[in-house]
Amino acid sequence: MTDVIKTDVLIVGAGPVGLFAVFELGLLDMKAHIVDILDRAGGQCAELYPEKPIYDIPAIPVISGQDLTEALIEQIKPFGPVMHYGEMIEHLERIGDPLFRATTDRGRVFEAKVVVIAAGGGSFQPKRPPIEGIEAFETKSVHYAVRRMEDFRGKKILIIGGGDSALDWTLNLAPVASHVTLLHRRAAFRAAPDSVNKMQAMVAEGKMDFVLGTVTTLEGDAGQVSTAHAKRDDGSTFAIACDAVLPFFGLTMKLGPVANWGLEFKGQLIPVDTEAFETNIPGIFAIGDINTYPGKLKLILSGFHEAALMSQKAYRYVFPDKRLVFQYTTSSTSLQKKLGVA
Ligand SMILES: Cc1cc2nc3c(=O)[nH]c(=O)nc-3n(C[C@H](O)[C@H](O)[C@H](O)COP(=O)(O)OP(=O)(O)OC[C@H]3O[C@@H](n4cnc5c(N)ncnc54)[C@H](O)[C@@H]3O)c2cc1C
């Protein structure tokens, strides 16, 4: 990937706050690209509590984490944000006044006049299962995320886990793989019952295997796995032939590369002013859970407010020669045209 993507604003993180930032920026004619290390939008809402009800979103008495994410995606559609999932912003440097160059772990390069860090608690990192020597197989044949289903075509896949990710990928990859084995330490699952029922139906039809046990070691050569050795609760052992292993043991949040971008930090958080939520580097803003200021509350509604004020200041960097006129969506035909409703 060598073509540089030029945009007004680059948003790091597609959690609820990063998503709403697209809306506020869009009302002021600023185009945004969003990058998130996860394979979908929603941040903590989608990843940690998709089905839990949230009761403190203004004017919405109750909404689940997943439904809030979907509503935000619908709300920002008129502004056509470009989403880049499964990529982490690794490097960020200042190359102009202000102009920034950001590079992802997959080599994609962005140039943006403004950068909005909406990275929440940091990047979600997969938890490594307690399998001795697993590091030697990582990236080559042990994967903690599926970036391209095609990479698994015709392979013998071992999926480990009992949560939504394990079950979702079991169902999605079964038609692509030559064979799928799902292994979980117990017969009870955390995943949605509907997914579990579908998986069990596929096992009954002979389309895949489900086995109870724990993987202890992997066997293979030069990072390419050939066999997983596992044990049952009674201590007996068995082997599973496989050429790809996908462990889904949940995620932890780590600050990650944000810490290396030359920004001031207070612990794990980025201090900002409360007029525009700008960091110590002009043109880089931090909104949502990642920032700190006197009185900060880590609530979604705080992040929404921060996105609105950030956009007012970002406008000055993106359109230094234009005057910003404050308008309401209820009464401004110009805003309604941007929203596609007038
Ligand atoms: C169990 C639970 C219940 C909660 N209930 C409520 C509630 O009822 N009401 C409420 O208001 N709040 C609640 N919260 C808090 C709320 O979820 C957070 O305030 C909110 O998610 C913050 O949004 P955000 O967009 O700032 O960050 P996040 O939701 O954390 O999203 C940040 C995103 O940035 C991505 N990212 C980070 N670093 C990088 C990088 N370098 N490159 C690419 N992507 C990156 C991450 O992958 C992530 O997707 C709850 C939180 C939890 C855990």
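In this text, residue positions in the sequence shown follow the working numbering: the first is 1208, and each later residue adds one.
For every residue, glycine included, the Cβ atom is placed at its ideal position computed from N, Cα and C.
It should be emphasised that the depicted structure is a prediction, and the values quoted were computed from it without experimental measurement.
K1566 CB to nearest heavy atom of ligand 1 below 7 Å: Lying before the first or after the last residue shown, residue 1566 is absent from the chain, which here runs from 1208 to 1549.
heavy atom of ligand 1 below 7 Å from G1469 C-beta: Translated into the one-based positions of the sequence shown, residue 1469 becomes position 262. Not so, every heavy atom of ligand 1 lies at least 7 Å from the Cβ.
Start-to-end residues for the beta strand (DSSP E) that takes in F1492: Sequence index remark: in the sequence shown, residue 1492 carries index 285 (1-based). 1491–1493 is the span of the beta strand (DSSP E), which, as asked, contains F1492.
Residue from G1463, R1392, N1498 whose Cα sits closest to the Cα of T1311: Sequence index remark: in the sequence shown, residue 1311 carries index 104 (1-based). In terms of CA proximity to T1311, G1463 leads the group G1463, R1392, N1498.
For I1447 and V1316, believed in contact at Cβ under 8 Å, the rounded distance: The residue you call residue 1316 lines up with position 109 of the sequence shown. The residue you call residue 1447 lines up with position 240 of the sequence shown. The Cβ separation is near 41 Å, so there is no contact.
Beta carbon of G1420 nearer than 8 Å to that of F1396: Counted from its first residue, the sequence shown places residue 1420 at position 213. Counted from its first residue, the sequence shown places residue 1396 at position 189. Not closer than 8 Å, so no.
Any 3 or more C-beta pairs closer than 8 Å across the segment 1229–1244 and the segment 1505–1520: Yes, the segment 1229–1244 is in contact with the segment 1505–1520.
Close Cβ partners of Y1524 (< 7 Å) along its chain, the five nearest in sequence each way excluded: Against the sequence shown, residue 1524 aligns to sequence position 317. Closer than 7 Å at the Cβ level, and outside the excluded window around Y1524, lie P1305, K1320, V1321, G1490.
Contact the segment 1453–1460 vs the segment 1350–1367: 3+ CB pairs below 8 Å: The answer is yes - the segment 1350–1367 touches the segment 1453–1460, with three or more Cβ pairs under 8 Å.
Completely contained beta strand (DSSP E) runs for the segment 1372–1409, where each covers 3 or more residues: 1386–1391
Near ligand 1: M1295 beta-carbon under 7 Å from a heavy atom: Residue mapping note: residue 1295 aligns to position 88 of the sequence shown, counting from 1. Yes, Cβ of M1295 sits closer than 7 Å to a heavy atom of ligand 1.
F1492 beta carbon less than 8 Å from that of V1219: Walking along the sequence shown from the start, residue 1219 turns up at place 12. Walking along the sequence shown from the start, residue 1492 turns up at place 285. Cβ distance not < 8 Å, so V1219 and F1492 don't count as in contact.
Heavy atom of ligand 1 within 7 Å of A1326 beta-carbon: Here residue 1326 refers to the residue found at position 119 when the sequence shown is read from its first residue. Yes.
Buried or exposed (CB count within 10 angstroms, at least 16 for buried), V1548: Locating residue 1548 in the sequence shown gives position 341, where the first residue counts as 1. By the 10 Å Cβ count, V1548 comes out exposed.
Helix, strand or coil at L1245 according to DSSP, with G and I counted as helix: Along the sequence shown, one-based indexing puts residue 1245 at 38. L1245 falls in the coil class under three-state DSSP.
For E1345, the three-state DSSP class (helix, strand or coil): Within the sequence shown, numbered from 1, the residue matching residue 1345 stands at position 138. E1345: strand per DSSP, three-state reduction.
CB-CB length for A1325 against I1494, believed under 8 Å: Position 118 of the sequence shown, counting from 1, holds the residue named residue 1325. Position 287 of the sequence shown, counting from 1, holds the residue named residue 1494. The pair is a contact, with the Cβ atoms about 5 Å apart (cut-off 8 Å).
Entirely enclosed beta strand (DSSP E) segments - the segment 1456–1503, minimum 3 residues: 1458–1461, 1491–1493
Beta-bridge partners of F1307, as assigned by DSSP: On the sequence shown, residue 1307 is found 100 positions in, with the first residue counted as 1. DSSP lists R1301, A1319 as partners of F1307.
Where S1443 sits in the DSSP three-state scheme: As a first step, residue 1443 is located in the sequence shown; it is residue number 236 there, counting from the start. Coil.
Whole-angstrom distance between D1428 and L1508, CA atom to CA atom: Position 301 of the sequence shown, counted from the start, is the residue given in the question as residue 1508. Position 221 of the sequence shown, counted from the start, is the residue given in the question as residue 1428. Each residue's Cα considered, the two are about 51 Å apart.
heavy atom of ligand 2 below 7 Å from D1243 C-beta: With respect to ligand 2, the structure offers nothing, as its ligand set consists of ligand 1.
Buried or exposed by the 16-neighbour rule on C-beta atoms within 10 Å, applied to D1263: To locate residue 1263, count along the sequence shown from 1; it is residue 56. D1263 is exposed by the Cβ-count criterion.
Backbone CA spacing between D1405 and A1399 [nearest angstrom]: Start at 1 with the first residue of the sequence shown, and residue 1405 comes out as number 198. Start at 1 with the first residue of the sequence shown, and residue 1399 comes out as number 192. Looking at the sequence provided, one finds Lys at residue 1405 rather than Asp. If you take the alpha carbons of K1405 and A1399, they lie about 10 Å apart.
Span of the beta strand (DSSP E), counted from its first residue to its last, around K1414: By 1-based counting over the sequence shown, the position of residue 1414 is 207. Segment: none, K1414 is in no beta strand (DSSP E) and carries neither H nor E.
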